[in-house]
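Below: one structure, written as structure tokens.
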Amino acid sequence: MKFARYLDETQIPEWKKKYIDYRGLKKLISAIQRERASNTNTSKMSLKSKSSPQAYFRTPVRGQITSTPPTAHIRASESSVRIPPNANGLLSSTPHAHQNYGANGQTPKLNSKKSPSVRMILPSTYEDEEPFSLPPPAKSIDDRDEVAPRVTKASTISYVGDNRPNVFSRISLRRSKGTSIDHQSPVMVFSTYASVLAAVGPAERRFFDYLDAEVDKAEKFYQERFQEAVVRLAALKEQFKELAGHRNHYYASLKTSGWQWKAMPYVPRLPVQALEDTVSSLTRRGTAATADVEDVVVGATEAVHPLPFSRDPDTYHSAKKNLKHAVLEYYRFLELLKNYQALNVTAIRKSIKKFEKATKIVVHVVYNRDRVDGLHISSEKDIKKMIENMEELYASRFEGGNKKKARDRLRMLGLNKTHHFSTFRSGIHLGLAIPALVVGIYNVCQPETREQIPLWGTLLEAYATLAIPIIFSLLVGLNVLVWSHKRLNYVFIFELDLRSVLDPRMYFEIPSFLCTTLAYAFMLSFCGLFDNHVDPTLWPAIWMGVLVLVLFNPLPIFYHKSRFWLIGNWCKLLLPGFTPVEFTDFWMGDQLCSMVFTLGHLYFLACLYATDWDDPMSQCNLTNNWIAGILLTSMPSFIRLIQCIKRYADSKNYIHLINGGKYTSSIVQYSLYYSWRSHGALSNWRMAIWILFAIFSSCYTSSWDLSMDWSLLQKGSARPLLRRELVYGDRVYVYYIAMVTNVLIRFVWIIYLPIGPGFNHIARSIVAATLEMLRRVQWNFFRVENEHLGNADQYRVTREVPLPYSFDHAPQDDSDDDENDGKEEQEVTPTRDNRESFVEPSGDRPRSVRMSSLPTGFNESEGV
284 MKFARYLDET
294 QIPEWKKKYI
304 DYRGLKKLIS
314 AIQRERASNT
324 NTSKMSLKSK
334 SSPQAYFRTP
344 VRGQITSTPP
354 TAHIRASESS
364 VRIPPNANGL
374 LSSTPHAHQN
384 YGANGQTPKL
394 NSKKSPSVRM
404 ILPSTYEDEE
414 PFSLPPPAKS
424 IDDRDEVAPR
434 VTKASTISYV
444 GDNRPNVFSR
454 ISLRRSKGTS
464 IDHQSPVMVF
474 STYASVLAAV
484 GPAERRFFDY
494 LDAEVDKAEK
504 FYQERFQEAV
514 VRLAALKEQF
524 KELAGHRNHY
534 YASLKTSGWQ
544 WKAMPYVPRL
554 PVQALEDTVS
564 SLTRRGTAAT
574 ADVEDVVVGA
584 TEAVHPLPFS
594 RDPDTYHSAK
604 KNLKHAVLEY
614 YRFLELLKNY
624 QALNVTAIRK
634 SIKKFEKATK
644 IVVHVVYNRD
654 RVDGLHISSE
664 KDIKKMIENM
674 EELYASRFEG
684 GNKKKARDRL
694 RMLGLNKTHH
704 FSTFRSGIHL
714 GLAIPALVVG
724 IYNVCQPETR
734 EQIPLWGTLL
744 EAYATLAIPI
754 IFSLLVGLNV
764 LVWSHKRLNY
774 VFIFELDLRS
784 VLDPRMYFEI
794 PSFLCTTLAY
804 AFMLSFCGLF
814 DNHVDPTLWP
824 AIWMGVLVLV
834 LFNPLPIFYH
844 KSRFWLIGNW
854 CKLLLPGFTP
864 VEFTDFWMGD
874 QLCSMVFTLG
884 HLYFLACLYA
894 TDWDDPMSQC
904 NLTNNWIAGI
914 LLTSMPSFIR
924 LIQCIKRYAD
934 SKNYIHLING
944 GKYTSSIVQY
954 SLYYSWRSHG
964 ALSNWRMAIW
974 ILFAIFSSCY
984 TSSWDLSMDW
994 SLLQKGSARP
1004 LLRRELVYGD
1014 RVYVYYIAMV
1024 TNVLIRFVWI
1034 IYLPIGPGFN
1044 HIARSIVAAT
1054 LEMLRRVQWN
1064 FFRVENEHLG
1074 NADQYRVTRE
1084 VPLPYSFDHA
1094 PQDDSDDDEN
1104 DGKEEQEVTP
1114 TRDNRESFVE
1124 PSGDRPRSVR
1134 MSSLPTGFNE
1144 SEGV
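The sequence shown begins at 284 in the working numbering and counts up by one.
Here it is as structure tokens:
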């Protein structure tokens, strides 16, 4: 695999801007090659126009440079050697004359003491720089017919590119191990990096300037993240000290009072030592960052006073669990940082290697020595030391000293990388569903079937209510596939656990299985196979039983961790306002807003089976029970409104109240709609008021979708009406299609207007629900894209787990800073593209992390 592609696939998506621009360096090298090829062609044309047969055998004047005749049939021992002019501008001279070359059979010394910065070697000695030996001469010097002209008092010459003496093309040298330089070309070797910059041409200088800038960028970013890692390590050390004291106090209370305890405060001991030994071991060669990090760590651990807490066993175990999560996230951060360091060092090395291959200028030794070796990013010793410390700490605290088990736990080893059987099972399920669906549709269209099942229309409405969420879940799988393909870090965005997250191909198994069972229930309701034993209206209830069994099955099968994660988030969604609102919460709330058809018909389904399907249109119609319809259809918008209020209460950011106004308009619209429908009038003042509020709500939500959720309609963008950064930039047209279709479907309520014969009300409702489902799937693509870009702008890659123990830091005179911090908290966090992030700041919202060096999805294993 090409390194450029490997870098794209393994780099951390949120840190993409801070990696070495390997592709940009390759483009500069290609520009150098094109320039050299152009200069070479120009030089050859000039030589050809000025050449004559006598010119090749003319005795050179002092300081003149001659050339060999351009014929492949003249033997090297019989040809005259001319050193051509250096068309590419690399020529270093020395005043010392050399002995005659050819006449006395001696080779001039190119590595002059007066010119130590540059010398010429053959590529066969590129790696080890050992003297090369020529092959045995085909003819002795004494037997030569003609003596080659000598190079008189001339300069010490270094060759670059293809402009070299033709005599070298007749020498067959074995390629040295490890070199990629063309073995037919001599190379340039410098002793200092400054001499390289002084000798190269403008194109080569541009390459080195850009490479230096990229190295400085990567070094600065690496130092910032490393300092952050050291500070977090100090905080974790202090947390473990307090956990040990809490543990001793907890078990002491159990021994003295059995299982009875009092809520007596425990005052933890003051920190004895603040990681001086750990920080001093993290040396940084050639940088001044060590002192800075030491100051930060000592400052973070000085003058801290632990706050008291209770000896409640639940408090101790909860603190231990939270601290365990914090260690796991910190370890992932260290591995991400190690991955960043390794990829950038490799990019530097490969860029230099490609430059040497293209220019025949050997600079890797001097560049590494003078430019790279002194940088912090050049060594992985420090980060490895921190990783080893965390492994030992985790083993001693959580794994009983078993380091191997701790490493396996931290590194998540043994995760399956192939999903062939998952894909096969999903395909089988969907393949089996298609014929059942076709047979069911065919049967329901037959007149005799409708005669046998008088409630066939109501039965179809019930199946539509059940089918929309199942189809929706399948389409969300397409969202996940695209996010994975485009390397959108959805695992981090949705705070998924890497140990139980499903690969996109595994995700389809449960929705496809439910889709298959629903298709066969639909077929059995209308085919009449078991009418003598099972009533056609009973099959939907049987399928709902299967659904409950699959989702709530406590056995560790069928991805139980993922199922319980989904159930837990739905339960959390139904109790808004009690916990901090995270991205997963309001994203799932928005998904629920697109399933109002199913939610509104929950009362309809319950009423059907409560009345035993007796005259359902009169007893269970939502028009007659409009209060239940308002409550059920407005429930998702009400949940989102509570979430917006909660987010405003936590962040004091007024943008959340504006967002809440959008859901308030939706609640008013649903209320006015059912109020109009319940009175049964085709045209009256209630319908007019509903239309006005529906127009207002559609405009409100459409503008919010485009400008806020998707961050489009930005000024100054290279593409009109879009934004500067586009993940789906290879298909720009999809943005414009999505903008138009999103607005159109937001006005889908027009389908309910009593205009023309059209379909009946139920059919129109099903069409509107299907369109809204498709709109939401489309919305998901760009909403997660915008969230990913917001994380990338702020370089957020790790989940910030709240630490269990708080410390009262010594007061400092920083009132001005506190005022500024308070103001910043009330502002919307801007991104580089003036894109506003409508999520909580990274410190207020826990996150999960995706290891870029690992595959996108993982099989389930034991979680924390």
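For every residue, glycine included, the Cβ atom is placed at its ideal position computed from N, Cα and C.
- In this structure, the beta-carbon distance from Ala719 to Ala824 does not fall below 7 Å.
- When only Cα atoms are considered, Phe1065 and Trp870 end up about 12 Å apart.
- Rounded to the nearest angstrom, the Cβ distance from Ser661 to Val655 is 5 Å, consistent with a contact under 8 Å.
- In this structure, Tyr956 lies away from Leu915, with their beta-carbon atoms at least 7 Å apart.
- Close CB contacts of Lys667 within its chain, under the 8 Å cut and outside five residues either way in sequence, are with Lys621 (chain order).
- Counting only the Cα atoms, Gln1077 lies some 13 Å from Asn1069.
- Approximately 7 Å separates the beta-carbon atoms of Met1056 and Ile754; this is inside 8 Å, confirming the contact.
- Shown here, Phe1090 sits in a strand according to DSSP, grouped into three states.
- Setting aside the 5 residues that flank it on each side, Arg690 is surrounded in the same chain by Glu674, each with a C-beta closer than 6 Å to its C-beta; the list follows chain order.
- Sequence-distant partners of Phe1030 (beyond 5 residues in either direction) whose C-beta falls short of 7 Å from its own C-beta, in its chain, are Ser981.
- The Cβ atoms of Asp786 and His703 do not sit closer than 7 Å to each other.
- A direct Cα-Cα distance of roughly 25 Å separates Tyr1088 from Lys935.
- With respect to the C-alpha of Pro1085, the residue from Pro859, Ala518, Leu308 and Tyr305 having the closest C-alpha is Ala518.
- With contacts defined by Cβ atoms closer than 7 Å, Asp992 and Asn1025 do not form a contacting pair.
- When DSSP states are grouped into helix, strand and coil, Ile303 belongs to the coil group.
- Distances from the alpha-carbon of Leu891 to those of Ala745, Gly683, Arg508 and Phe707 put Ala745 closest.
- Contact between the segment 864–881 and the segment 923–939 is present: 3 or more CB-CB pairs across the two stretches fall below 8 Å.
- When secondary structure is reduced to three states using DSSP, Phe473 falls in the strand class.
- Within its own chain, the residues whose Cβ lies closer than 7 Å to the Cβ of Ile913, once the five positions on either side in sequence are excluded, are Tyr953, Ser954 and Tyr957, listed in chain order.
- The alpha-carbon of Lys310 is positioned some 33 Å away from that of Phe775.
- By the Cβ criterion, the segment 302–316 is in contact with the segment 482–501, since at least three pairs of Cβ atoms, one from each stretch, lie closer than 8 Å.
- In the displayed model, Ile644 falls within a strand according to three-state DSSP.
- In the structure shown, Met669 falls within a helical segment according to DSSP collapsed to helix, strand and coil.
- Residue state for Met878 is assigned as coil, using DSSP reduced to three classes.
- In this structure, the alpha-carbon of Phe1090 lies about 55 Å from that of Leu975.
- About 7 Å separates the Cβ atoms of Arg530 and Tyr599, confirming a contact at the 8 Å cut-off.
- As for any alpha helix (DSSP H) of minimum length 4 sitting wholly inside the segment 782–852, the runs are 787–790, 792–810 and 822–834, ordered along the chain.
- Burial is judged here by how many other beta carbons sit within 10 angstroms of a residue's own beta carbon; Met900 has fewer than 16 and is exposed.
- According to the DSSP assignment, Trp739 belongs to the alpha helix (DSSP H) that extends over Trp739 to His768.
- For Met1056, the enclosing alpha helix (DSSP H) covers residues His1044 to Gln1077.
- When DSSP states are grouped into helix, strand and coil, Ala1001 belongs to the coil group.
- Contact between the segment 713–728 and the segment 844–859 is absent, with fewer than three C-beta pairs closer than 8 Å.
- Around the beta carbon of Thr799, 16 or more other beta carbons sit within 10 angstroms, so the residue counts as buried.
- Taking C-beta separations shorter than 6 Å and ignoring five residues to either side along the sequence, the partners of Asp304 in its chain run Glu497, following chain order.
- Between Val1060 and Val759, the beta carbon gap of about 7 Å places them in contact (Cβ cut-off 8 Å).
- Contact between Ser756 and Val649 does not hold, since the beta-carbon distance rounds to 59 Å and is not under 8 Å.
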